[in-house]
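Engineer: Protein chains in written order, with the numbering used here: chain A, 1 to 544; chain B, 1 to 141.
(1) What residues from chain B crowd round residue 30/A, counting only those whose CB sits closer than 9 Å?
(2) Answer with yes or no whether the minimum CB distance from residue 61/B to chain A is below 9 Å.
(3) So with CB distances below 7 Å, who are the chain A contacts of residue 140/B?
(4) Does any residue of chain B have a CB that is nearer than 9 Å to the CB of residue 267/A?
(5) Does chain A have any CB closer than 9 Å to the CB of residue 74/B?
(6) Ordered along the chain, which non-local residues of its own chain (more than five positions away) have a Cβ less than 8 Å from that of residue 66/B?
(7) By Cβ distance below 6 Å, which residues in the same chain neighbour residue 146/A in space, the five residues on each side in sequence not counted?
(8) Am I right that residue 445/A and residue 402/A are in contact with their C-beta atoms under 8 Å? What's the rounded C-beta distance?
(9) Under a Cβ-count criterion, where at least 16 other Cβ atoms within 10 Å of its own Cβ denotes burial, should residue 144/A be classed as buried or exposed?
(10) Is the beta carbon of residue 506/A closer than 9 Å to that of residue 433/A?
(11) Out of 50/B, 45/B and 21/B, point me to the one whose CA is closest to residue 38/B's CA.
(12) Taking C-beta to C-beta, are residue 175/A and residue 367/A nearer than 9 Å?
(13) Leaving aside the five residues before and after residue 346/A along the sequence, list all residues of the same chain whose C-beta is less than 7 Å from its C-beta, in chain order.
(14) Since residue 484/A and residue 493/A should fall inside the 8 Å C-beta cutoff, what is the C-beta to C-beta distance between them, to a whole number of angstroms?
(15) What did DSSP end up calling residue 269/A once you bin it into helix, strand or coil?
(16) Of all Cβ atoms in chain A, is any one closer than 9 Å to the Cβ of residue 83/B?
(17) For the stretch 72-116 of chain B, list the beta strand (DSSP E) runs that are entirely contained and at least 3 residues long, ordered along the chain.
(18) For residue 249/A versus residue 204/A, is the C-beta distance shorter than 9 Å?
(19) Below 8 Å on the Cβ atoms is my guess for residue 7/B versus residue 47/B; work out the distance and round it to an integer in Å.
(20) For the stretch 145-173 of chain A, enumerate the residues whose C-beta is nearer than 7 Å to any C-beta of chain B, in chain order.
(21) With a cut-off of 9 Å, does the C-beta of residue 7/B fall near any C-beta of chain A?
(22) Between the beta-carbon of residue 97/A and the beta-carbon of residue 52/A, is there less than 9 Å?
(23) Along the chain, which unbroken stretches of the beta strand (DSSP E) at least 3 residues long are found entirely within the stretch 396-476 of chain A?
(24) Determine the direct distance from the alpha carbon of residue 472/A to that of residue 100/B, and round the result to whole angstroms.
(25) What number of angstroms, rounded off, separates the C-alpha of residue 313/A from the C-alpha of residue 388/A?
(26) Is the stretch 461-470 of chain A touching the stretch 438-452 of chain A, taking contact as three or more C-beta pairs under 8 Å?
(27) Quick check on the DSSP output: what are the complete alpha helix (DSSP H) runs of length 4 or more inside the stretch 77-137 of chain A, in order along the chain?
(28) By a C-beta neighbour count over all protein chains shown, 10 Å radius and 16 as the cutoff for buried, is residue 59/B buried or exposed?
(29) Over the uninterrupted beta strand (DSSP E) stretch that includes residue 53/A, give me the two end residues.
(30) Quick check: the stretch 220-236 of chain A against the stretch 279-298 of chain A, are at least 3 beta-carbon pairs closer than 8 Å?
(31) Given a cut-off of 9 Å, decide if residue 81/B and residue 53/B are closer than it, judged by their beta-carbon atoms.
(32) Identify every residue that forms a DSSP beta bridge with residue 500/A.
(33) So, helix, strand or coil for residue 329/A, using DSSP?
(34) Residues bridged to residue 46/A by DSSP?
(35) According to a CB-to-CB cut-off of less than 7 Å, which residues of the stretch 501-527 of chain A neighbour chain B?
(36) Closer than 9 Å, CB to CB, is residue 30/B near chain A or not?
So this is what it looks like as structure tokens:
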């Protein structure tokens, strides 16, 4: 894991003091709320319906047990004893007092954490593959490149007042576990025919009200030009991204309006000029950062055997563990989607348990998934039963990774002032319904994603099944979408037709799964069947 | 109009800045004002005769002026680069990094707050238009 040196620590400490001073000036009336707002947003402090929310950065979703303990302590000390893991691998607290914010940031800085640029019109926390460094299929660990970009983008003097927020994801595998092409910039670290590493840049993706899949604008940027190329992408956006309409201000609109070719031409032109400006870090820095992400000491003779005599345990192993590059190891997913629970929520006690289990069984490392679950990346197969037993006792043993119960949901109208409808209760009713009918397991991989408004924080465009909450004459109404994917087979879901009420949407989800069960051919996921047979059979079943 | 904050030793230009269009039309102006929608690169063929470039920030949240400033410095402009308009204390440090060396805010800024803003950051992570050495260069010096 990356560790701060005195420079990183000094920067985070300076930021805490800066924010403390800004909050003081706000209270003294030297800053208006309009002037203060972007400053607090760039420190993760966002005003929701009932209180301030604080979003804490977890760079590329990686943290250690000490940090997870600190997050638990913050939940107890400053919030209501729980936190919410987000779709960008961060954690947010929903019940924060403005006057506590600087103290929380100070607590975070003691464990090398912060809330810098987790909101606001700036470059946000960099996300990555949650199985980085563990996945059997990766070209290389993508996190050193994400860390380099973290440093570059932190307190960037030119790009802190962008037209709109800016999200970057870095992966290094053909399998996309980070929704890479639905980011403002998605970077895939690849190896060319000569065996050299480089970065493929995808620019202008996103969800929100106008979902777009990012086109590839350069399939191989050499690693010693990575930062310069990113700088060029951002400069073109900062200069020409729309500022007249906040809903058209994301880079996807610029790329779409210019066309990918013209945007690329402008980036390349800027890139050529920037090459002379010395913005690229010394290559030795990338080498230094890489040393923090070297493999832990895996046991060479770790046993490949798992005792599957307990069927509940065997089911969890099948569902929630993923192939690891080291023999005798797996990555184990801790589901934060208990049946009837709030997707992504964890209590302070659960956080502490996950931290301790990471220390005992996963080389002191945890990951946050964009699907709002937690990963212990490096677990010996021999330890799985002990791990599962501890998880199950704490209500963290749900065997439902990538199933219909593994729902992404935004906070919705329960918390968010932008929402038109509640998301959480819909997620709860759906997982309860499928757990009750016992269909969860037979449906296999089925990614269901719920947003409470068109801003799409719940990724409904990318769901195999998506649900969008809207307001229809003062009543919550839910539209159903089918056929989206955030993975390497990325696609945008299409709406089925008229929406449903709160109860009707649960029935509608069940109805489309019935069509799938009837129509599926061997080995097909829900998404595959939908792609083969199209929307009509589903429409007929839904609307008759 | 508040007091001019200036971090240069040379004489202040005493004639008003003209618009970019006007500047490109007349050969004798030496002071120009860039609006957010202007392309700073239009000025590059004429840097020799420029002594003052004002970059207007009609609203502090519109960050185009930061790019305009850096582009001019990257092209070698070494005259005065003045941020004018809705220029606030909390943007000063980043503006300075982008090459601004004078500030003419609409509203008077508190002197102590300004000093604190410039002294805030012990280090910088990335290169910009100032002469500060980024952390990643220091690490490998």
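We put the CB at the ideal spot given by N, CA and C, even for glycine.
Please read all numbers here as calculations on a predicted model, not as lab measurements.
Structural biologist: Looking at the atomic coordinates:
(1) 89, 110 and 113
(2) yes
(3) 282, 284 and 285
(4) no
(5) yes
(6) 94, 95 and 98
(7) The answer, listed in chain order, is 60, 126, 128 and 170.
(8) Contact between residue 445/A and residue 402/A holds: their C-beta atoms lie close to 5 Å from each other, under 8 Å.
(9) buried
(10) A Cβ-Cβ contact shorter than 9 Å links residue 433/A with residue 506/A.
(11) For the residues 50/B, 45/B and 21/B, the minimum Cα distance to residue 38/B belongs to 21/B.
(12) no
(13) 82, 83, 85 and 336
(14) With a Cβ gap of about 3 Å, residue 484/A and residue 493/A count as contacting.
(15) helix
(16) no
(17) 80-85 and 102-105
(18) no
(19) Not confirmed; about 20 Å, so no contact.
(20) Per Cβ criterion, the list reads 151, 152, 154, 155, 156, 157, 158, 160, 161 and 162.
(21) False, the Cβ-Cβ gap to chain A never drops below 9 Å.
(22) yes
(23) With a minimum length of 3 residues, the continuous beta strand (DSSP E) runs that stay inside the stretch 396-476 of chain A are 448-451 and 465-472.
(24) 50 Å
(25) 7 Å
(26) yes
(27) 101-109
(28) exposed
(29) 52-56
(30) yes
(31) yes
(32) Paired residues: 478/A.
(33) strand
(34) 53/A
(35) none
(36) no
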